[in-house]
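To start, the structure itself, in structure tokens.
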Amino acid sequence: EDADFYNHEGMDYMGMARAMLSNIKSGHIRQGASTITQQVVKNFLLSPERTFERKIHELILARRLEQALSKQEILALYLNEIYFGHGRYGVEEAARFYFGKGIADVDLGEAALLAAMPKAPSKASPHKDPERAKGRQVYVLKQMVRHGFAAPREAQEFIDAPLAVVEPDAGPGPADDAQEFVDMAREELVRLYGEERLLRLGATVTTTVDLELQRKVRAGLRHGLAELDQRQGYGHKIKPVSEKRQERALKKTKGAPAVGKIYAGVIRAPAEGIKLPKDAVAIQVGEQMVMLKVPEGSRYDHPEKTHAEQFPIDGITMVKIVAKDDDHGQPEGWMVGEIGSGPEAAVVLAEVESGEVLAMVGGSEYQRASFNRVTQAKRQPGSSFKPFVYGAAIASEKFTPATLVEDSPEIYEKWRPTNFEGDVYRGDIRLRVALTHSINTIAIKLLDTVGIEAVHAFAKAAGIDAELTDNLSLALGVSEIPPYDLLSGYLTLARGGSRIEPTVIRRIDVAGGEPWEPSREAVQGLRDDVVFVLTSMMTSVVAEGTGRRALALKRPVAGKTGTSAEHRDAWFAGFTPRTVAVAWVGFDTPKPLGRAETGGRAALPIWLSAMQAAEGDKPPLSFEPPASVLVRTIDKRTGLLAPEPVIGPDGVVVGPEPDEIMEEYFVAGTEPVDHAEPAAIPAGDAVLDLYGDGGLDSPGSEDGGDAAPAPTPAAPPVDADGDDDFGLPSVTDEP
Numbered sequence: 004e005d006a007d008f009y010n011h012e013g014m015d016y017m018g019m020a021r022a023m024l025s026n027i028k029s030g031h032i033r034q035g036a037s038t039i040t041q042q043v044v045k046n047f048l049l050s051p052e053r054t055f056e057r058k059i060h061e062l063i064l065a066r067r068l069e070q071a072l073s074k075q076e077i078l079a080l081y082l083n084e085i086y087f088g089h090g091r092y093g094v095e096e097a098a099r100f101y102f103g104k105g106i107a108d109v110d111l112g113e114a115a116l117l118a119a120m121p122k123a124p125s126k127a128s129p130h131k132d133p134e135r136a137k138g139r140q141v142y143v144l145k146q147m148v149r150h151g152f153a154a155p156r157e158a159q160e161f162i163d164a165p166l167a168v169v170e171p172d173a174g175p176g177p178a179d180d181a182q183e184f185v186d187m188a189r190e191e192l193v194r195l196y197g198e199e200r201l202l203r204l205g206a207t208v209t210t211t212v213d214l215e216l217q218r219k220v221r222a223g224l225r226h227g228l229a230e231l232d233q234r235q236g237y238g239h240k241i242k243p244v245s246e247k248r249q250e251r252a253l254k255k256t257k258g259a260p261a262v263g264k265i266y267a268g269v270i271r272a273p274a275e276g277i278k279l280p281k282d283a284v285a286i287q288v289g290e291q292m293v294m295l296k297v298p299e300g301s302r303y304d305h306p307e308k309t310h311a312e313q314f315p316i317d318g319i320t321m322v323k324i325v326a327k328d329d330d331h332g333q334p335e336g337w338m339v340g341e342i343g344s345g346p347e348a349a350v351v352l353a354e355v356e357s358g359e360v361l362a363m364v365g366g367s368e369y370q371r372a373s374f375n376r377v378t379q380a381k382r383q384p385g386s387s388f389k390p391f392v393y394g395a396a397i398a399s400e401k402f403t404p405a406t407l408v409e410d411s412p413e414i415y416e417k418w419r420p421t422n423f424e425g426d427v428y429r430g431d432i433r434l435r436v437a438l439t440h441s442i443n444t445i446a447i448k449l450l451d452t453v454g455i456e457a458v459h460a461f462a463k464a465a466g467i468d469a470e471l472t473d474n475l476s477l478a479l480g481v482s483e484i485p486p487y488d489l490l491s492g493y494l495t496l497a498r499g500g501s502r503i504e505p506t507v508i509r510r511i512d513v514a515g516g517e518p519w520e521p522s523r524e525a526v527q528g529l530r531d532d533v534v535f536v537l538t539s540m541m542t543s544v545v546a547e548g549t550g551r552r553a554l555a556l557k558r559p560v561a562g563k564t565g566t567s568a569e570h571r572d573a574w575f576a577g578f579t580p581r582t583v584a585v586a587w588v589g590f591d592t593p594k595p596l597g598r599a600e601t602g603g604r605a606a607l608p609i610w611l612s613a614m615q616a617a618e619g620d621k622p623p624l625s626f627e628p629p630a631s632v633l634v635r636t637i638d639k640r641t642g643l644l645a646p647e648p649v650i651g652p653d654g655v656v657v658g659p660e661p662d663e664i665m666e667e668y669f670v671a672g673t674e675p676v677d678h679a680e681p682a683a684i685p686a687g688d689a690v691l692d693l694y695g696d697g698g699l700d701s702p703g704s705e706d707g708g709d710a711a712p713a714p715t716p717a718a719p720p721v722d723a724d725g726d727d728d729f730g731l732p733s734v735t736d737e738p
């Protein structure tokens with residue numbers, strides 16, 4: 004592409020003239036006429052935006068670079084930096100990936116293929132489009148002959164020969180499937196060696212990714228989002244609906260639609276005489292007609308369906324208005340729209356023993372957007388943060404899973420938090436039951452008693468490095484935490500309080516240097532007995548409470564759902580003794596996910612899919628208690644030791660009924676010593692779930708509407724996750 008490289012002084016003046024003429028005609032930068040020197044300047048020194056000001060800087064710096072470095076040095080910088088697709092940067096890595104050999108050993112045909120790829124690496128990849136790649140190779144070979152870089156006979160030999168590349172499966176898998184790991188590894192290399200040295204490092208990085216698992220986890224995330232899209236009307240599995248539903252959707256739009264806003268629209272057949280582009284669909288939004296375009300490569304651009312199949316007439320979908328002028332090829336008077344940007348998701352999974360991250364998906368289209376929501380999205384975790392509040396309470400030795408705390412309304416300096424079902428309270432309940440059903444008032448009372456600093460310390464010791472709020476709303480998960488931080492915290496819980504940093508790099512080998520491996524030294528940040536008792540409480544969340552969908556894993560699981568205020572964020576975080584994972588779902592710009600889209604409904608299925616892929620048919624493991632944890636049989640009603648048997652008047656020994664008692668775990672020294680008085684519970688008294696054993700569908704369940712046996716409420720509750728700390732109404736509108 005830069006045949007005159009060895010002769011020019013950094014700029015191609017004829018090419019610049021052609022590009023300038025084209026740019027003046029179009030009114031913006033369309034062509035760049037960049038030489039290799041200019042590419043080096045752009046890649047190393049400038050931002051990528053296409054503006055006239057940046058172009059001037061590029062030209063000035065290109066001249067200076069030519070004066071400071073030799074042609075060979077400039078070419079070396081370029082060849083070691085450019086992208087060749089499949090996560091491969093630089094000619095050495097590309098040669099090893101495509102041909103299984105170093106760059107010094109490639110022949111003319113292989114070199115020509117490599118030279119053909121940087122212009123469009125994803126499209127010219129021989130693994131994705133061999134025919135196109137061959138065409139690009141032939142073009143380069145002919146250019147080499149034309150400019151005297153190759154003999155005609157030698158070039159013709161490779162023009163006539165088929166492409167010969169190494170299949171990706173023969174070596175390491177394509178990095179396209181794990182671009183999140185590639186990008187994080189690159190960030191770590193920059194941190195360790197610096198940006199300048201990195202370009203000459205020649206390092207080989209071994210990451211912790213399990214590629215097969217990564218692919219399954221990515222597929223599970225996309226499936227979970229597709230199901231959510233379908234429930235809320237975002238571009239997938241659209242079906243024609245009744246006229247009544249169409250009218251209801253159209254009436255939701257009052258007046259003319261506004262650019263940048265998202266509306267419910269009805270798919271229509273274009274009126275006679277109206278012609279639309281092949282990639283467009285007619286949508287009615289209120290009384291306005293909109294030409295809908297699906298962004299190429301987005302998750303709504305179904306590769307196997309035509310637009311007519313994907314968007315059937317009389318179906319309903321969400322539309323984002325992007326333009327209302329007549330410069331986009333739409334019929335006169337029409338607006339232009341695209342599929343309303345639906346919710347996103349992130350999931351990360353690690354091995355408990357090593358802390359190695361095995362799978363990490365930063366979004367439905369990470370390769371397209373390169374925004375890793377696992378590490379970069381700071382969102383409110385809702386009730387998935389509550390285990391750290393309960394853990395601090397257990398660690399204080401003022402509370403146990405059997406401690407009774409009153410579920411009652413309180414006012415804290417003009418703030419009156421409510422529970423899942425609003426102003427309905429249960430009186431005295433045990434802490435295990437409170438966590439199982441995510442009772443807000445109890446979490447706040449625990450925080451108020453043990454202190455904000457104690458909860459901060461417990462969370463920090465577990466691995467939560469994000470800044471935490473310093474008021475009582477901390478108990479309800481209002482601090483903004485990236486999923487990777489929450490994974491770190493739950494990893495420590497899964498390891499019995501032994502903290503080890505999650506890592507994505509196993510080893511870095513540098514030519515001529517010592518290999519680097521991350522420190523895997525663990526620190527006992529939390530007491531193992533405290534963490535075990537907390538873990539046992541979290542298993543009840545899965546067995547009886549808001550995380551019951553995780554029972555499908557068919558093995559011991561500890562976890563917690565979370566949903567932030569107004570259903571803006573949905574979470575599930577949990578672990579087995581072998582694997583820990585965190586899943587998040589939400590809009591990039593926080594807004595309600597929709598009615599009943601709680602952690603248990605929106606996020607848990609994605610988490611479950613990832614965990615099923617990771618655990619597979621491996622034998623289940625159990626959470627083993629340390630020696631300092633005691634087991635006692637308690638009275639469910641009081642949390643005291645079970646009543647002692649008494650001898651009745653007829654000489655018969657009378658003891659508590661089996662459903663009145665249970666075995667409970669205690670940190671040694673905190674177990675109850677007094678026995679409960681024998682009590683007769685009136686038959687049929689089911690007003691309150693005092694014992695926690697009949698509460699599978701109790702009103703305290705944040706995701707109670709998810710379970711099949713649960714009745715559907717006539718109206719949505721205030722907050723289906725028990726996290727609505729501000730008492731805001733939940734979203735009731737249906738798309």
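With the first letter of the sequence shown counted as 1, position 204 gets the number 207 in my numbering; the numbers rise by one all the way through.
Glycine included, C-beta positions come from ideal geometry on N, C-alpha and C.
Can you tell me which residues form a DSSP beta bridge with residue i?
i: Gly565; result: Trp574
i: Trp587; result: Ala349 and Trp574
i: Tyr86; result: Tyr92
i: Tyr266; result: Val322
i: Lys381; result: Partner(s): none; Lys381 has no beta bridge.
i: Glu341; result: Lys296 and Lys323
Could you tell me if residue i is buried or exposed, where buried requires 16 or more neighbouring beta carbons within 10 angstroms of its beta carbon?
i: Thr641; result: buried
i: His570; result: buried
i: Ile414; result: exposed
i: Ala71; result: exposed
i: Thr210; result: buried
i: Pro260; result: buried
i: Asp532; result: buried
i: Phe184; result: buried
Measure the beta-carbon distance from residue i to residue j and round it to whole angstroms, keeping in mind my assumption that it falls under 8 Å.
i: Ile277; j: Gly318; result: That pair is no contact at about 19 Å.
i: Gly672; j: Leu537; result: Not a contact, Cβ separation roughly 16 Å.
i: Ile511; j: Pro518; result: 6 Å
i: Val293; j: Ile324; result: 7 Å
i: Thr549; j: Ser441; result: 6 Å
i: Leu556; j: Met614; result: 6 Å
So, with DSSP's three-state summary, where would you put residue i?
i: Arg435; result: helix
i: Tyr668; result: strand
i: Arg189; result: helix
i: Ala686; result: Here Ala686 scores only 41 on pLDDT, less than 50, and its place in the model should not be relied on; the value that follows carries that caveat. Correct three-state label for Ala686: coil.
i: Arg200; result: helix
i: Ala123; result: coil
i: Ala226; result: Checking the sequence shown, residue 226 turns out to be His, not Ala. Looking at His226 - three-state DSSP - the assignment turns out to be helix.
i: Ser476; result: helix
i: Ser701; result: With a pLDDT of only 34 at Ser701, under the threshold of 50, the placement of this residue in the model should not be trusted; the figure read from the coordinates follows. Coil at Ser701, not helix or strand.
i: Ser245; result: coil
i: His31; result: Residue placement at His31 is flagged as unreliable, the pLDDT there being 49, under the threshold of 50; a coordinate-derived value is accordingly withheld.
i: Gly394; result: helix
i: Asp304; result: coil
i: Ser357; result: coil
i: Met292; result: strand
Residue j and residue i - do their beta-carbons sit closer together than 7 Å?
i: Ile467; j: Asp488; result: yes
i: Ile286; j: Gly268; result: yes
i: Thr566; j: Gly345; result: no
i: Gly90; j: Ser128; result: no
i: Ala136; j: Val148; result: no
i: Val526; j: Arg498; result: no
i: Val220; j: Val364; result: yes
i: Gln1; j: Tyr369; result: Nothing can be reported for residue 1: it is not among the residues displayed for the chain, which extend from 4 to 738.
i: Gln379; j: Asp572; result: no
i: Met540; j: Pro404; result: yes
i: Tyr9; j: Lys74; result: yes
i: Phe739; j: Ala462; result: The requested residue 739 is not part of the displayed model; the chain covers only 4 to 738.
Run the proximity test for residue i: is its beta-carbon closer than 6 Å to any non-hydrogen atom belonging to the ligand SAH?
i: Thr209; result: Ligands in the displayed structure: none, and consequently the ligand SAH is not present.
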